[in-house]
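S.K.: Below: one structure in C-alpha cells.
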Amino acid sequence: MPRKKQYQWHAKDENGDADFSQPSRSAKKRESLALQALGEELANLAPQEVQALNLPPDLAEALALYARLRDHEGRRRQMQYIGRLMREADAEPIRAALDQRKETSAAATAALHRAEQWRERLLAAPEAELDGLLHSLPRPVAPEFDPDQPDQDEERAPRPKGKKPLGTEELRKLVLEARKEIDDKAAPHARRALFRALHVLLTAQAAAAVHPEQG
C-alpha cells in the first residue's frame with residue numbers, strides 16, 4: 001500500500017519563501033496570558049502607585065475605574081478591557097517600571113530591618129563599646145565644598161535631600177535616653193526617635209552608594 005504523503009503548510013513571505021518567523025499559536029497564548037497577568041498586577045496597585053508608573057493615559061484611566069468598581073461582574077469586565085489594552089501597549093517599559101518599583105520596595109524593607117538591627121546593637125552594647133559602635137555606623141559620603149574651585153559656590157554645593165542624618169553625639173544622646181526609658185519602663189519615645197534617625201542615616205548611605213554622583 002503506497003505511503004500517504006505528509007505535507008507541512010507554512011505562511012509565505014512576499015518572495016514566496018516559507019516564513020518561519022511567525023510566532024506559534026501557543027507562543028501567542030503564552031504572551032497573552034503574561035500580559036493579562038501584568039494587567040492584574042497593575043490593578044492590584046494603589047492609585048498613587050499607578051500614577052507613579054507613568055502609564056499610557058487610556059490604561060491609567062481603565063485602572064482608575066477598576067479601582068472604583070465594587071461589583072464582581074463590573075470588575076471582571078473591566079479587567080478584560082485592561083487585558084485588551086495591555087495587548088495594544090508596549091509592555092516592556094511597564095515591566096521595567098514594575099521591576100524598579102519592586103527593587104525600591106525591597107531596598108526600603110531592607111533599610112527598615114537594618115535600622116532595627118542597629119538599634120538593638122546600640123541599646124545592648126556595653127558603655128565602653130558604644131562610641132566605637134556609633135563611629136562604625138555606615139554614613140553617606142558627600143563631596144566636600146572646595147572654596148578654591150572658581151566654578152563652585154555655596155549655591156552649587158551638594159545639599160542633603162530630605163531629613164539630615166544625625167551626628168554621632170546626637171545619636172549617642174538618643175541611645176542613652178532610650179536606655180533610660182527601658183530602665184524606667186517608660187513610653188518608647190526615644191526608642192522610636194532612635195529608630196527613625198538610624199533609618200534616615202542608613203537610607204541616605206544606601207542612596208549615596210547607588211548614586212554617588214548625587215552626593
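Residue numbering for the sequence shown follows the UniProt record's numbering, beginning at 1 and increasing consecutively.
Quick reminder that beta carbons are idealized off the backbone N, C-alpha and C, glycines included.
Owing to the predicted nature of the structure, the values given are computational and were not obtained by experimental measurement.
1) In the structure shown, what three-state DSSP assignment does residue 89 receive?
2) Looking only at its own chain, which residues have a Cβ that is under 6 Å from the Cβ of residue 138, when we skip the five neighbours before and after it?
3) List the endpoints of the continuous alpha helix (DSSP H) containing residue 132.
4) Helix, strand or coil: how does DSSP classify residue 71 here?
5) Just curious, the alpha helix (DSSP H) that residue 138 is in, first and last residue?
6) Just checking my contact of residue 39 with residue 74 at CB under 8 Å: how many whole Å lie between their CB atoms?
7) Which word fits residue 186, buried or exposed, when buried means at least 16 other C-beta atoms lie within 10 angstroms of its C-beta?
8) The alpha helix (DSSP H) with residue 26 in it runs from where to where?
9) Indicate the three-state DSSP secondary structure (helix, strand or coil) for residue 53 in the structure shown.
10) Relative to the alpha-carbon of residue 68, which residue among 55, 99, 47 and 118 has its alpha-carbon at the smallest distance?
11) Cα separation between residue 62 and residue 88?
12) Do you know whose CA, among 102, 128, 60 and 29, lies nearest residue 85's CA?
13) With DSSP run on the structure shown, which of helix, strand or coil describes residue 46?
14) Would you call the CB atoms of residue 172 and residue 181 closer than 8 Å?
15) Between which two residues does the alpha helix (DSSP H) carrying residue 178 extend?
16) Thinking just about the alpha-carbon of each residue, which of 164, 184 and 183 is nearest to the one in residue 198?
17) According to the Cβ coordinates, are residue 91 and residue 35 closer than 8 Å?
18) Of the choices 109, 81 and 176, whose alpha-carbon is the least far from that of residue 124?
19) Sorted by chain position, which residues of the same chain lie with C-beta nearer than 6 Å to residue 201's C-beta, five sequence neighbours on each side aside?
20) Please classify residue 187: does DSSP put it in a helix, a strand, or coil?
M.R.: So, to answer that:
1) Here the question's residue 89 lines up with position 89 in the sequence shown. In this structure, residue 89 counts as coil in the three-state DSSP scheme.
2) Stepping through the sequence shown from its first residue, residue 138 is reached at position 138. The answer, listed in chain order, is 205.
3) The count along the sequence shown starts at 1 and reaches residue 132 at position 132. Residues 127 to 135.
4) Translated into the one-based positions of the sequence shown, residue 71 becomes position 71. Residue 71: coil per DSSP, three-state reduction.
5) Position 138 of the sequence shown, counted from the first residue, corresponds to residue 138. Element bounds for residue 138: n/a, residue is neither H nor E.
6) Along the sequence shown, read from residue 1 onward, the residue named residue 39 stands at position 39. Along the sequence shown, read from residue 1 onward, the residue named residue 74 stands at position 74. Not quite, the Cβ-Cβ distance comes to about 16 Å (not below 8 Å), so this is no contact.
7) In the sequence shown, residue 186 corresponds to position 186, counting from 1. So residue 186 ends up on the exposed side.
8) As a working mapping, residue 26 is identified with position 26 in the sequence shown. Note, residue 26: alpha helix (DSSP H), 25 to 43.
9) Mapped onto the sequence shown, residue 53 falls at position 53. Residue 53 falls in the coil class under three-state DSSP.
10) The residue given as residue 68 occupies position 68 in the sequence shown. Closest option to residue 68, Cα to Cα, is 47.
11) Your numbering for residue 62 matches position 62 in the sequence shown. Your numbering for residue 88 matches position 88 in the sequence shown. Rounded to whole angstroms, residue 62 to residue 88 spans 13 Å at the Cα level.
12) Taking the sequence shown and counting its residues from 1, the one referred to as residue 85 is at position 85. That would be 60, whose Cα lies nearest to the Cα of residue 85.
13) Position 46 of the sequence shown holds residue 46. Coil, per DSSP.
14) As a first step, residue 172 must be located in the sequence shown, where it is residue number 172. As a first step, residue 181 must be located in the sequence shown, where it is residue number 181. Cβ atoms of residue 172 and residue 181: not closer than 8 Å.
15) In the sequence shown, residue 178 corresponds to position 178, counting from 1. Residues 168 to 184.
16) To locate residue 198, count along the sequence shown from 1; it is residue 198. Minimum Cα distance to residue 198 is reached at 164.
17) Within the sequence shown, numbered from 1, the residue matching residue 91 stands at position 91. Within the sequence shown, numbered from 1, the residue matching residue 35 stands at position 35. Cβ atoms of residue 91 and residue 35: closer than 8 Å.
18) Translated into positions along the sequence shown, residue 124 becomes position 124. Here the closest residue by C-alpha is 176.
19) Along the sequence shown, read from residue 1 onward, the residue named residue 201 stands at position 201. Closer than 6 Å at the Cβ level, and outside the excluded window around residue 201, lie 165.
20) Against the sequence shown, residue 187 aligns to sequence position 187. Residue 187 falls in the coil class under three-state DSSP.
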